[in-house]
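For the sequence shown, counting from 1, position 113 maps to 113 in full-length UniProt numbering; every step adds exactly one.
The C-beta atom is built at its ideal place from N, Cα and C for all residues, glycine as well.
Since this is a predicted model, take the numbers as computed values, not measurements.
Report on one structure; see the data block that follows.
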Amino acid sequence: MCKNQAMPHHVVVLALDNVVAFELGLPARFFATDSLLPGWPEAPQGDPPYVVSHVTVDDGPVTTSAGYSVLPTHPVETLAEADTVVICGMPGHSVLEDGTLSAAEHAALDLVPAGARWISVCTGAFVLAARGMLDGLRVTTHWQHAEAFRRIFPHIELDPDVLFVDNGDILTSAGNAAGIDLLLHVIRRDHGAATAANVARGCVVAPARPGGQAQFIDRPVPTGAGEGTGDTRAWALAHLHEPLALADLARHARMSVRTFTRHFRAETGQSAGEWLTAARITHSRRLLEETVLSIDQVAAACGFGTAAAFRAQFRSCVGISPSNYRRSFTADRVG
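Spelled out as structure tokens, the structure:
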């Protein structure tokens with residue numbers, strides 16, 4: 001979050017050699033000026049909510065994973081002004097082999113002020129781990145690099161089955177498109193669900209995939225007309241206030257429970273129960289952020305039945321109580 005709310009939040013992207021080109025472009029696309037992102041509100045004094053700088057360790061060009069070179073927009077000393085630092089994936093970097101960084105890389109990272117927020121995308125988590133920043137935390141990285149991460153950093157709890165993990169001022173995501181999910185989550189945390197949804201709409205991406213969603217989906221697109229569970233998922237989202245059961249979903253899809261279960265997991269990477277719980281939690285977070293509904297009313301609107309059941313499930317999924325979430329969200333919002 002911004003140290004000075006009268007100024008834009010400064011996001012500094014450190015590009016290491018062989019940086020993944022797709023990931024390198026994400027912070028500028030999602031955090032940049034309101035001329036690019038139609039969902040942004042006006043910030044104080046008309047300033048944009050974020051400003052984005054790109055730096056390299058030696059102020060020179062770096063070669064991307066796509067084979068072309070890119071130049072930094074600012075000198076490496078800009079890291080000393082960072083409110084948020086983003087480290088993208090970089091296949092082939094030595095840190096993926098032996099967990100080491102160069103002296104120049106350490107010196108650059110030493111410039112970052114205490115209290116800055118850190119975001120890693122894909123194998124950027126290796127850099128944070130090599131700095132000792134992930135000790136005692138649950139984190140994630142691209143599932144293809146999970147074995148190497150565990151070999152090099154066996155003491156760190158790695159969850160390779162999720163899109164991203166939010167540890168407050170340290171956030172890690174899986175590879176490639178999971179970086180989009182994490183950046184939208186950060187915007188949602190900083191500015192609210194409505195703004196994040198508007199930004200997602202402007203970028204033509206899904207507004208919110210839960211961080212706990214599986215990285216790898218066996219068959220994301222149904223192969224034939226009338227096949228799949230997409231219509232039933234849309235129906236379920238419109239009926240979250242009801243006590244939906246697996247049999248209800250299968251009946252709506254006109255499938256047996258067994259067939260529906262198989263299709264659902266193949267398409268979403270989750271069981272129907274896991275997906276439904278995540279959808280209810282996502283909806284409840286939006287209501288806690290944007291409305292003054294009581295906890296009992298939110299529980300009913302999201303289909304949890306009782307406030308006690310809602311509190312228990314919310315704490316299990318989010319890590320804090322609904323009331324504390326509402327208070328902390330309001331207190332932590334940027335601007």
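Note that the segment 138-153 does not touch the segment 105-118; fewer than 3 beta-carbon pairs, one per stretch, sit closer than 8 Å. In the DSSP assignment, HIS185 falls within the alpha helix (DSSP H) that extends over 178-191.
TRP143 and MET90 have their alpha carbons spaced roughly 15 Å apart.
Of the candidates GLU274, GLY136, ASP17, GLU274 places its Cα closest to the Cα of VAL162.
For the pair ILE152 and ALA129, the Cα-to-Cα distance works out to about 9 Å. ARG280 carries a helical assignment under DSSP once its states are collapsed to helix, strand and coil. Apart from the 5 residues on each side of it in sequence, HIS263 sits with its Cβ closer than 6 Å to the Cβ of THR229 in its chain, given in chain order. Within the same chain, and ignoring the five residues on either side of ILE281 in sequence, the residues whose Cβ sits closer than 6 Å to its Cβ are CYS317. Per DSSP, reduced to three states, the secondary structure at ARG254 is coil, with no helix or strand assignment.
Pairing ALA174 with SER284, the inter-Cα distance amounts to about 25 Å. Within the UniProt domain "HTH araC/xylS-type" (230-328), the alpha helix (DSSP H) runs of at least 4 residues that lie entirely inside it are, in chain order, 230-237, 246-253, 257-268, 272-290, 295-301, 307-318. The continuous alpha helix (DSSP H) containing PHE126 extends over residues 124-130.
At a Cβ-Cβ threshold of 8 Å, LEU14 and VAL55 count as neighbours.
Relative to the Cα of PRO49, the nearest Cα in the group MET7, ARG29, PRO160 belongs to MET7. Per DSSP, PHE153 lies in no alpha helix (DSSP H) and is assigned neither H nor E. ALA108 sits away from VAL52, with the two beta carbons spaced by 8 Å or more. In the three-state scheme derived from DSSP, where H, G and I count as helix and E and B as strand, ASP83 is classed as coil.
Linking GLU289 to PHE126 through their CA atoms gives a straight-line distance of about 33 Å.
CA-to-CA, the gap between GLY303 and ILE295 works out to about 12 Å.
Per the DSSP secondary-structure output, THR63 pairs in a beta bridge with SER69.
In the structure shown, the three-state DSSP call for VAL13 is strand.
Within 10 angstroms of the beta-carbon of ARG258 lie fewer than 16 other beta-carbons, which makes it exposed. In the DSSP annotation of this structure, the continuous segment of the alpha helix (DSSP H) that includes LEU109 starts and ends at 103-110. Between HIS10 and GLU81 the beta-carbon gap is near 6 Å, inside 8 Å, which marks them as a contact. Rounded to the nearest whole angstrom, the C-alpha separation of ASP135 and VAL298 is 36 Å.
Under the 10 Å beta carbon count, SER120 is surrounded by 16 or more other beta carbons and is classified as buried. Shown here, VAL55 sits in a strand according to DSSP, grouped into three states. Contact between ILE180 and VAL205 holds: CB atoms are separated by about 6 Å, below the 8 Å threshold.
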